[in-house]
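One structure is given below, encoded as structure tokens.
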Amino acid sequence: MIESVRVTNYGREATEALAEELAAAKAADSLASVTVVVPSNTVGLSARRLLGGRPSTPDGSRGGIANVGFVTPFRLAELLGRRRSAEAGLAPLTNPVLAAAIREELAANPGFFAPVAGHVATETALVRCYAELSRARHETLDRIATVGSSRAFAVVDLFRRVRSRLEGYADEDVLVRCALGSVEHDRHLLDELGVVVVHLPQPCSPALADLLRAVLDRVPSRVVVGLTGATDADGPVRDLCGRLEVALGPTSPPAPSGATEILRVADPDEEVRAAVRRVVAAAESGVPLDRMGIFFPASGSYARMVHEHLVIAGIPHNGPPVRRLAGSVTGRTLLRLLDLVDGDLRRDEVVALVAGAPVRDATGHRAPGHHWDLLSRRAGVVRGPDEWAERLAAFSSEQRARAVEQEAEGRSEGAVRATRREAEEAEALARFVTDLAAALDPDGIPHGWSGRARWARALLAQVLGDEQVRARWPSPEADAADRVEVILERLAVLDAIEPDPSFDVFRRAVGVELEAPTARIGRFGEGVVCGSLGLGLGLDLDVVIALGMAEGTCPSPRREDSLLADADRELAVDGELALRTRDVHDQHRELLATIAAGRAERLLLSARGDHRTGRGRSPSRWLLDAASELRGGERVFTSTLGELGAEHGLTEVASFVAGTREATVHASIGDRDFARLLAWCERGGSVEGHPIASDAALAAGLAVQAARASSELTRWDGNLGGCGVPAPASGEVVSATRLEGWATCPFRYFLGSVLRLGAIEAPEQIAELSALDRGRLVHEVLERFLAPIVARPVAQRLAPDERWPDAERDRLVQLADQVCAEYEAEGLTGKPLLWRIQREELVADLLGFLDADDGYRAMAGAVPEQVEMAFGFDDRAPVVITLPDGRELAFRGRADRVDRLADGSLRVLDYKTAKADRYKGLDVDPVLAGTCLQLPLYAAAARAQLGGDGAPGAGVTASAEYWFVTGKGGYTRLGYEVDGAVQQRFVEVLGEIAAGIEEGGFAATPGEHNSYFGTADNCRFCDFDALCPVDRVAFAEAKSGAPELARIEALVAQDTGVAPDREQRR
């Protein structure tokens, strides 16, 4: 029996009305039982906290909430129907059970859904649609099946088949029917409810509406109806009251509690920052944090941004989770493990597994993820258990052999231990992968849900450790791990519904379940409450801040349902199938109710655009309504919103800087410091002169910026003068390639040769044989081909005018096949299809080289004398070059080939597999400003080793050439006779390079920007490209006049013949 109906606004008015109704219900007995039916658990918690802390009035009628329970309509159905449901042997219907039943029906008779029956999106959509149809009237289902669309008919037909399969389970409709039975036949349960107060009823399913009406008819009841005053927003609530037979009477709708202020800012991030500043300001004025709320549209990234800003500010808060179980350590690891079952243990996937979680190795210790990544790269692993085992075993053997060599060479104990440790780590990684492969073997994975759930739990324990290990994790991760275990337990009971699922179905079901959010952040009542706009409905706060007041987010765009269009939903006899076109009314009601929750301050924020997407945003239609109210009822449009000012409650903030400048309070310490620094600079002060700049980290950052922006070459730009950089003329044996690196880009030399940095390419990312490896492969084939030739006595070698016979050509192809197979085994050749093409090109190039070699030998009268002529290695003496200042440089290297010509002179040939373009300036500068030092150096080595009797090189002339040994290179030869002028230029350039290195000159030299490749010329193939700034060319030009760059600029000038105009460049 309904004894009282109160119509009120939301917020404080609703709280007061509820207090009065509770007082009336307890007028005769302060301990009388009262049950309050609330629209959400949050509203129940809020009401309990507010009413429980209220002081008693003199007559004692309004204090405390003893013996008052708060339940949602669904919870009421559970309380009333639980016993009958259990007596009927019904189990709760969970989403995994429902999804399994849908899959079984789709497999048995897909019908209309045949083309998409196996798609996860179909399953998800049908689960969602089942939940709606389970709350629909039987008459509604009949009407849809009779006059609805063919798609709607198929949906209803599938729904009925699934429901028939789930007869032993209780969905919401079945549970409510059980509850209705209790209401009709179990007076004792109703008496336990006491007086029922329905507080702020919201639209619900017809079954729940029937239950509420039955309860209101049979027990003393009181109703508090919340209205916003907006006809469209209140329509669904009025309709529900009609179904509940709650007479609202001729009462006028309450005057809405509109916004007190509107704030327009640049982008969503600035919205959140402004909201946090307003929270700080309210707290400073004495408002408790638990009396404030920040609310936002459910779509977008507002939840994450609000949480992050409040954490930075150190403000306690509670709100929705900002990540899902799939993003937790356990959830992420489980998904990766399931993906590995069919993934052939790809190296990148195994490394992602180990690097993304505290994985345990075979001994139970924490696996070194980063180190294993590097080891597997160096070992050349790509995929497959056998490849993991073979290549890691080979790598381990190589490292152990290297350790033995290091001991024999007298290397330090630390170096030897480090090498042996790498071998041990490779073996540990191999054991881990072997155990993982065994656990993931499809033949060993049990069938059925329960067996696979047990297998998944055991696999997690093997990889992440047991419960004792996980108990030491941070609380959020430990809780997430427990929830993942519960998910696996929920899936284990599906055998009765789906007895033989495929592994793909099991994996998909786990993925769907892991999309569930993690635990809520904080506890309600502790700090600022945060959540979607719907969360604020029914709350009672002092300060309410609503974000996202822009079209497209509030309201969100209308989208037609993929299974039940609005035309089919309109067939519902009680309107129980919500129309997508009417979603906007629910959103409007939630917004107005949330605004009304703010007792003192109600702030709406809107962004003019989104800097991340570059798109502008129009103000929400409801923000314009609020602006119209603030303007005294005069209609405000998007075009006229900018005409409003502070006197109308509207504040426009132009930018982040403007917001910082105008803020009277600050969101965090960093926000405050930046505001003070900004004000200081705008008054004419320098950044460096502000006290904040005394902070060590900030001071260092400012120093870097100032140095990089100047025209001087500083230590941040590669000027390491006086830092004791190792000098190449200090007795160390160096290579020509190493010094060429400094001449090309001193910064690259510093990173690679001084700091000893380098890139280790991921084998699985190799699409094709790299240019470097292609060159190595060709060199290796030609070395193996010519080595037995030059080992013969001169008389038995091929004569200059003699062509390579077919037998030798066949031997070259065999050698090429052999070396190609070795490179394949090392994982260097990339994708099979591309490698097949490259391999054919390589063989064709090598055979073409023999043709070119026939012509060259005949023309020059050349006979190969040596291949891979080494100097500076082992017992081979280095080539020593005396610099202009008298110091010496010792070189090592290997010349690809040395021929003896008809006149007795020597010719050094250096094979190149690139194009000849960058070497065409050799006729102007034989060393190309120090970037091509090999030819004169190799000529010197040839004279020293092959000069004949007497003093090495006595009376022997030598020439040197680059030979471009591919069809693309045209088998071109570029070079010169290494005479006195060449030797002088060579020595002078070496002196400049050595001096530049010793002086610490390591400025980046990117070269000209290449618009075709989108980078600078010297950066295209540089391992350190990502370390340099994007505007590196501009940086280099700004520094080009620095005195420290004189040496390298002089090298370039000598190469081009044009001296740099240093004054002009300054």
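The opening residue of the sequence shown carries number 107 in our numbering; numbering runs sequentially from there. C-beta atoms are modelled at their ideal positions from N, C-alpha and C, and glycine is treated no differently.
Neighbourhood of residue i by C-beta, 7 Å cutoff - its chain only, sequence neighbours within 5 removed
i	result
R1153	E1098, A1101, G1102 and G1107
P1135	F1141
L281	A183, E184, G187 and S191
V949	V919 and A922
Q1089	P1042
R998	V839, S841, F977, G978, F979 and P984
CB of residue i within 8 Å of CB of residue j, strictly
i	j	result
A458	S638	no
A562	L594	yes
A1109	L1157	no
L669	A213	no
S726	A656	yes
R410	V428	yes
P832	V840	no
R1049	A1066	no
G1112	V1139	A small correction: the amino acid at residue 1112 is Pro; Gly does not occupy that position in the sequence shown. A contact, by the Cβ cut-off of 8 Å.
Backbone CA spacing between residue i and residue j [nearest angstrom]
i	j	result
A120	R154	13 Å
N173	V144	16 Å
E414	R629	17 Å
T1162	V1033	Confidence at T1162 is low in this model, with a pLDDT of 48, below 50, so its placement is unreliable and the value that follows should be read with caution. For T1162 and V1033, the distance between alpha carbons rounds to 12 Å.
E1155	A1122	18 Å
Q1170	F856	Residue placement at Q1170 cannot be trusted, given a pLDDT of 32 that sits under 50; what the coordinates show is reported in the next sentence. Those two C-alpha atoms are separated by around 29 Å.
V330	V393	28 Å
E1094	R497	47 Å
A567	V575	9 Å
P580	R430	16 Å
L239	D680	13 Å
R708	L446	52 Å
E994	V1084	20 Å
G1076	G954	10 Å
A773	A387	9 Å
G175	C636	25 Å
C829	L480	31 Å
D1029	Y1044	18 Å
Buried versus exposed call for residue i [16 or more other C-beta atoms within 10 Å across all chains shown]
i	result
T624	buried
C787	exposed
V417	exposed
L1012	buried
H423	buried
L137	exposed
A849	buried
E109	exposed
W494	buried
V616	buried
P548	exposed
P179	buried
A194	exposed
W822	exposed
R466	buried
Test: residue i CB closer than 8 Å to a CB of chain C
i	result
A473	Any reference to chain C falls outside this structure, which holds one protein chain only.
Closest Cα partner of residue i within the set the options
i	options	result
F1127	N424, G470, R862 and L878	L878
G644	V690, S608 and L698	L698
A905	D960, A684, S1065 and E504	D960
S256	D135, L444, A671 and S724	A671
V325	T141, S761 and E870	T141
T659	G633, L647 and L711	L711
C347	E377, G300, H305 and L861	H305
E351	V343, R328 and R319	R319
G847	R558, F1130 and P1149	F1130
Any non-hydrogen atom of the ligand GDP within 7 Å of residue i CB
i	result
E1114	Within the structure as shown, the ligand GDP is missing, as the structure has no ligands at all.
Contact set for residue i: own chain, Cβ-Cβ below 6 Å, skip 5 residues either direction
i	result
I250	A258, V262, D674 and L677
A587	T436 and R576
R890	L921
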